[in-house]
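2 protein chains.
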Amino acid sequence: MARNVEFNEATVIQKAMEVFWKKGYNATSLRDLTDAMQINSSSLYNTIGDKQELFVRCVQHYTDIRKQDWNKRLSSKRSPLSVLIDYIHEAVNVIINGEDSCMAVKSAFEVATNDERVKQILIADDQRSYQFLYDLIKKAMDKGEISNEEDPALLADYFNSTWTGWYESYILHKDPVKIKRMAEYFIKQLTK
Amino acid sequence: MARNVEFNEATVIQKAMEVFWKKGYNATSLRDLTDAMQINSSSLYNTIGDKQELFVRCVQHYTDIRKQDWNKRLSSKRSPLSVLIDYIHEAVNVIINGEDSCMAVKSAFEVATNDERVKQILIADDQRSYQFLYDLIKKAMDKGEISNEEDPALLADYFNSTWTGWYESYILHKDPVKIKRMAEYFIKQLTK
DNA sequence: TTAATTCTGAAACACTTGTTTTAGAATAAA
DNA sequence: TTTATTCTAAAACAAGTGTTTCAGAATTAA
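As given, the protein sequences belong to chains A and B, one line each in that order.
Position 2 of the first sequence, counting from 1, maps to 2 under the numbering used here, and the rest follow consecutively.
Position 5 of the second sequence, counting from 1, maps to 1005 under the numbering used here, and the rest follow consecutively.
Right, here's the structure in full:
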């Protein structure tokens, strides 16, 4: 028997996420957040909680989106190898067209060592990313699309950690060709 | 005709670097810094400058140390391939024994997009890292220690960006075996 | 309509931030 | 020793930080 929350929580988390994503956790102030979210700090503290809690929700939201993408790709009827190669190409596009690098990577380096909850979310995200690669590589091997000489778990691990360096490279050099060449070499290794 | 600065600048920069390295730029306060450096903020501002300037010097110092290490390794009389493999093994040891990841990587993601000077220092550092790898790979190819089928520039670029992902992996999983396995695969690719 | 409840906005909170001021101690050259 | 200069320590600075308070507006169910 009382009024309801005026704002849509999902919308507001999305807005906050964009600010955190761009500026990082420590460089983002509560004013930055409430300005973007268009809510008063009292509403924020009444519903979501403090800055840390909000950040946790934002990272969770960020990884949820990735999760959906991986699931969608995994349920594709197309050949495992083509799904994998498409994914690599789209990952390259995200790197060279996105403005703010990857929030998961940035948060791993800036926050994960100090915030156990953020760390756990990123571990789960990394595990899903690994599983996505592992499933495709394994299926591609079983189908004979790629050589099965190498351990698929090792390949998945190795490739899973490769993207991060591409983000760093793009921050420093802003060179799309460099990223594309590395991606082609990456694919070549996989398919030979 | 006046007194001299009491503290040793190199010592003080080293101390500041350690704090920035561990906590990151934004999470480090001036008090954190002056406590570690054991100097008053007025002395800091009189000699070095503000927080940004201090950070720039610290990143410069960090990359200077790496530069020395690369030069030392490049002047080795041993075979290029063995120098390279040694370097990879020691890089792995740094990752799994170090407590605070890599300051260059952390700074690339946290600061490089907002501070042009830091970015330029990191670009120069990255260039030296690339050149180090390129020189060894090229020499190893010329000597016939490794296959020269692949473009050494591409290999150097690719390998240069690989380490970053290993740092992220180690932050999340703290799994030395995982890093070691990736390094062995890395070497295997190089030598086959 | 009433009553109970929960939300919102603005202001205030205490504390921390990066930086500057100031008074005086220290020191090198004359 | 004097003098000119530059250092240092402590305090003060204004602005910004994350968070809380509180009065009142809003809303739902009775």
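We put the CB at the ideal spot given by N, CA and C, even for glycine.
Residue of the options minimising C-alpha distance to residue i
{"i": "K23(A)", "options": "Y185(A), R117(A), S107(A) and A156(A)", "result": "S107(A)"}
{"i": "R1057(B)", "options": "H1173(B), Q1120(B) and A1140(B)", "result": "Q1120(B)"}
{"i": "A1193(B)", "options": "P1152(B), D1175(B), G1049(B) and R1031(B)", "result": "Outside the shown range of chain B (1001 to 1192) lies residue 1193(B), about which nothing can therefore be said."}
{"i": "A1010(B)", "options": "N1026(B), D1175(B), H1061(B) and V1094(B)", "result": "H1061(B)"}
{"i": "S1029(B)", "options": "Q1052(B), S1076(B) and M1103(B)", "result": "Q1052(B)"}
{"i": "D1125(B)", "options": "I1065(B), F1007(B) and K1192(B)", "result": "I1065(B)"}
{"i": "E1174(B)", "options": "E149(A), A112(A) and Q68(A)", "result": "Residue identity check: residue 1174(B) is Lys in the sequence provided, not Glu. For the residues E149(A), A112(A) and Q68(A), the minimum Cα distance to K1174(B) belongs to A112(A)."}
{"i": "S1101(B)", "options": "N1026(B), W1163(B), D1035(B) and L1122(B)", "result": "W1163(B)"}
{"i": "N1008(B)", "options": "M1037(B), L1081(B) and L1172(B)", "result": "M1037(B)"}
{"i": "G1144(B)", "options": "T1063(B), P1080(B), I1013(B) and Y1025(B)", "result": "P1080(B)"}
{"i": "V1059(B)", "options": "Q1068(B), V1118(B) and L1033(B)", "result": "V1118(B)"}
{"i": "D135(A)", "options": "S147(A), L84(A) and S41(A)", "result": "L84(A)"}
{"i": "F1186(B)", "options": "T1034(B), D1050(B) and D1086(B)", "result": "D1086(B)"}
{"i": "L1172(B)", "options": "E116(A), I96(A) and Y25(A)", "result": "E116(A)"}
{"i": "I1146(B)", "options": "L1122(B), Y1167(B), Q1189(B) and R1181(B)", "result": "Q1189(B)"}
{"i": "R1073(B)", "options": "Y1158(B), F1132(B), K1138(B) and Y1025(B)", "result": "F1132(B)"}
Residue i in three-state terms, based on DSSP
{"i": "Q1038(B)", "result": "coil"}
{"i": "S79(A)", "result": "coil"}
{"i": "G1165(B)", "result": "helix"}
{"i": "Y1025(B)", "result": "coil"}
{"i": "I1013(B)", "result": "helix"}
{"i": "A2(A)", "result": "coil"}
{"i": "N97(A)", "result": "helix"}
{"i": "K174(A)", "result": "coil"}
{"i": "F1007(B)", "result": "coil"}
{"i": "I1085(B)", "result": "helix"}
{"i": "K1067(B)", "result": "helix"}
{"i": "N148(A)", "result": "coil"}
{"i": "K1188(B)", "result": "helix"}
{"i": "K51(A)", "result": "helix"}
{"i": "K993(B)", "result": "Residue 993(B) is absent from the model: chain B starts at 1001 and stops at 1192."}
Environment of residue i [buried if 16+ CB atoms lie within 10 Å]
{"i": "S1169(B)", "result": "buried"}
{"i": "A16(A)", "result": "buried"}
{"i": "E1110(B)", "result": "buried"}
{"i": "V1005(B)", "result": "exposed"}
{"i": "A1156(B)", "result": "buried"}
{"i": "G98(A)", "result": "exposed"}
{"i": "N1160(B)", "result": "buried"}
{"i": "A2(A)", "result": "exposed"}
{"i": "G1165(B)", "result": "buried"}
{"i": "K1178(B)", "result": "buried"}
{"i": "V1105(B)", "result": "buried"}
{"i": "T1191(B)", "result": "exposed"}
{"i": "T47(A)", "result": "exposed"}
{"i": "S129(A)", "result": "buried"}
{"i": "V1012(B)", "result": "buried"}
{"i": "V977(B)", "result": "Limits of chain B in this structure are 1001 at one end and 1192 at the other, which puts residue 977(B) out of reach."}
Any C-beta of chain B under 7 angstroms from that of residue i
{"i": "E168(A)", "result": "yes"}
{"i": "D126(A)", "result": "yes"}
{"i": "I123(A)", "result": "yes"}
{"i": "T191(A)", "result": "no"}
{"i": "A112(A)", "result": "yes"}
{"i": "L136(A)", "result": "no"}
{"i": "Y130(A)", "result": "no"}
{"i": "S161(A)", "result": "yes"}
{"i": "G98(A)", "result": "no"}
{"i": "F7(A)", "result": "no"}
{"i": "Y158(A)", "result": "yes"}
{"i": "G165(A)", "result": "yes"}
{"i": "F20(A)", "result": "no"}
{"i": "L154(A)", "result": "yes"}
Minimum Cβ-Cβ distance from residue i to chain A less than 7 angstroms
{"i": "F1182(B)", "result": "Per the sequence shown, the amino acid found at residue 1182(B) is Met instead of Phe. True, the Cβ-Cβ gap to chain A drops below 7 angstroms."}
{"i": "N1209(B)", "result": "The first residue shown for chain B is 1001 and the last is 1192, placing residue 1209(B) beyond what the model contains."}
{"i": "L1172(B)", "result": "yes"}
{"i": "Y1185(B)", "result": "yes"}
{"i": "S1043(B)", "result": "no"}
{"i": "L1030(B)", "result": "no"}
{"i": "K1106(B)", "result": "yes"}
{"i": "L1054(B)", "result": "no"}
{"i": "G1144(B)", "result": "no"}
**Request:** Identify every run of the alpha helix (DSSP H) within the region 102-133 of chain A, keeping only runs that are complete inside it and at least 4 residues long; order them along the chain.
**Result:** 103-110
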